[in-house]
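Residue numbers (the numbering used here): 6 to 215. The C-beta atom is built at its ideal place from N, Cα and C for all residues, glycine as well. From a predicted model like this one, the values you see are computed outputs, not experimental measurements. This report refers to the structure that appears directly beneath it.
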Amino acid sequence: MGFRGKAGGFVCGRYYVDDETAREIEQIICLAGEKVKRAVSSKLQFQAKDIHPTETAPILMASNQELKCSLQRWGFPGFREKQVIFNARSESVLKKKTFRESTEYRRIVVPAAWFYEWNRNKEKNIFYRQEKQTLFMAGIYSHYQEGDCFVILTTEANSSMKPVHDRMPLILEKSEIIPWIFDRGKGKELLHKVPCLLERRADFEQMSLF
6 MGFRGKAGGF
16 VCGRYYVDDE
26 TAREIEQIIC
36 LAGEKVKRAV
46 SSKLQFQAKD
56 IHPTETAPIL
66 MASNQELKCS
76 LQRWGFPGFR
86 EKQVIFNARS
96 ESVLKKKTFR
106 ESTEYRRIVV
116 PAAWFYEWNR
126 NKEKNIFYRQ
136 EKQTLFMAGI
146 YSHYQEGDCF
156 VILTTEANSS
166 MKPVHDRMPL
176 ILEKSEIIPW
186 IFDRGKGKEL
196 LHKVPCLLER
206 RADFEQMSLF
C-alpha cells in the first residue's frame, strides 16, 4: 500500500485510541443534546489499539443535524493505484478540489489518546495533552464507492512540536467540536487556529514542552 503523507505533513500516520477515548466520545454526544439533536446509540465499545491509514476508526460527525459517532476508513483514495491520502493542509483545503467540498460540508472530529511522530533520527515520539486529556483532531470526510473515508487536517507546528516536525494535527478544544462540525462559518475560522501545546514522551528521553 502506498501511503501519501506530504499533502499535510503528518508523515508518521499513526495514532492511538483506548477505553478513555470511547468514554469521552459518549460524554460529548450526551452533552451535545443541549445544542444540537443527539443521536441515541448503544454504549460505545472498541478495542484499544494503534490506528494506521486504511484502518477503520471512530469519528464524530453530523448526521441530519444529529451528532453521532461513526466508524470510517482513514484515508482518501490517491491519484495512483493503491495510494492513500491520509492528511491535508488546513491552510489550503478550501483551494484544493480534492478537499474543498468536504471542508465546506463534511467536517468531522477524530478523537485520540495520543499520536506518534518520528524525528530525523527515526526515533519515535508520543504527543499527548496535559493530564492525558483526549485529543480532538479536526478532519473531513468524503463519499466513495467502498464507503466514507476521512483525512486529518494538519497545520504549522507550534513550539511543542517543532523540535520533531514542522507540521502537526489541527487540534480542537472540546468547546470547538460542535462549532467545527455544525457551523460552516466558524469552521472556516478554525482552519487557522494555533493548536494547544502538547506533552512529548520519547523512547530515548522524557520531557514536557511548553
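* To do: Tell me whether G144 sits in a helix, a strand or coil according to DSSP, three-state version.
  => As a position in the sequence shown, residue 144 is number 139, starting the count at 1. Strand.
* Pick from L203, C201, K193: whose alpha carbon is nearest that of E109? -> Taking the sequence shown and counting its residues from 1, the one referred to as residue 109 is at position 104. With distances taken between Cα atoms, E109 lies closest to K193.
* If you draw a straight line from the C-alpha of Q70 to the C-alpha of D188, how long is it? -> On the sequence shown, position 65 is the one that residue 70 refers to. On the sequence shown, position 183 is the one that residue 188 refers to. If you take the alpha carbons of Q70 and D188, they lie about 11 Å apart.
* Round the Cβ separation of A207 and K129 to the nearest angstrom and send it over; I've been treating them as touching at under 8 Å. => The residue labelled residue 207 in the question sits at position 202 within the sequence shown. The residue labelled residue 129 in the question sits at position 124 within the sequence shown. Right, the Cβ-Cβ distance comes to about 7 Å (below 8 Å), so this counts as a contact.
* Cβ separation of S107 and Y146, assumed to be a contact under 8 Å, to the nearest whole Å -> In the sequence shown, counting from the first residue as 1, residue 107 sits at position 102. In the sequence shown, counting from the first residue as 1, residue 146 sits at position 141. The Cβ separation is near 6 Å, so the contact holds.
* When we look at the beta-carbon of V169 and count the other beta-carbons within 10 Å, is it buried (16 or more) or exposed? -> Here residue 169 refers to the residue found at position 164 when the sequence shown is read from its first residue. With 16 or more Cβ atoms within 10 Å of its Cβ, V169 is classed as buried.
* What are the boundary residues of the beta strand (DSSP E) that D55 is part of? -> As a first step, residue 55 must be located in the sequence shown, where it is residue number 50. Segment 54-56, the beta strand (DSSP E) holding D55.
* Mind checking who K1 pairs with in its DSSP beta bridge? => Past the edges of the chain, shown from 6 to 215, lies residue 1, and the structure says nothing about it.
* Taking C-beta to C-beta, are R112 and G152 nearer than 9 Å? -> The residue you call residue 112 lines up with position 107 of the sequence shown. The residue you call residue 152 lines up with position 147 of the sequence shown. No. Outside cutoff.
* To do: Over the uninterrupted alpha helix (DSSP H) stretch that includes G190, give me the two end residues.
  => Here the question's residue 190 lines up with position 185 in the sequence shown. Where G190 is concerned, the enclosing alpha helix (DSSP H) stretches over 189-195.
* When you compare only the Cα positions, how much space is there between A37 and N92? -> In the sequence shown, the residue the question calls residue 37 occupies position 32. In the sequence shown, the residue the question calls residue 92 occupies position 87. When rounded, the distance between both Cα atoms is 27 Å.
* **Residue interval of the alpha helix (DSSP H) (run including T108)** => Your numbering for residue 108 matches position 103 in the sequence shown. That run of the alpha helix (DSSP H) goes 102-110.
* L177 by DSSP, collapsed to three states: which one? -> Within the sequence shown, numbered from 1, the residue matching residue 177 stands at position 172. Three-state DSSP puts L177 in a strand.
* For E161, which of helix, strand or coil comes out of DSSP? -> Against the sequence shown, residue 161 aligns to sequence position 156. In this structure, E161 counts as strand in the three-state DSSP scheme.
* Could you check how far apart the C-beta atoms of F141 and F132 are, in whole angstroms? I think they sit under 8 Å. => Position 136 of the sequence shown, counted from the start, is the residue given in the question as residue 141. Position 127 of the sequence shown, counted from the start, is the residue given in the question as residue 132. Wrong, their Cβ atoms sit about 14 Å apart, outside the cutoff.
* Mind checking whether C74 and R134 have CB atoms under 9 Å apart? -> Taking the first residue of the sequence shown as 1, we reach residue 74 at position 69. Taking the first residue of the sequence shown as 1, we reach residue 134 at position 129. Taking 9 Å as the Cβ cut-off, C74 and R134 do not qualify as a contacting pair.
* Output yes or no for whether 9 Å exceeds the beta carbon distance between T139 and R94. => Residue mapping note: residue 139 aligns to position 134 of the sequence shown, counting from 1. Residue mapping note: residue 94 aligns to position 89 of the sequence shown, counting from 1. No, these two residues do not count as a Cβ contact at 9 Å.
* Between the CA atoms of R205 and R125 - distance to the nearest angstrom -> Here residue 125 refers to the residue found at position 120 when the sequence shown is read from its first residue. Here residue 205 refers to the residue found at position 200 when the sequence shown is read from its first residue. Going by the C-alpha atoms only, they are around 16 Å apart.
* Element boundaries [beta strand (DSSP E), containing Q88] -> One-based indexing of the sequence shown puts residue 88 at position 83. Run containing Q88: 88-90, per the beta strand (DSSP E) assignment.
* To do: Helix, strand or coil for G7, going by three-state DSSP, please let me know.
  => Translated into the one-based positions of the sequence shown, residue 7 becomes position 2. Residue placement at G7 is flagged as unreliable, the pLDDT there being 43, under the threshold of 50; a coordinate-derived value is accordingly withheld.
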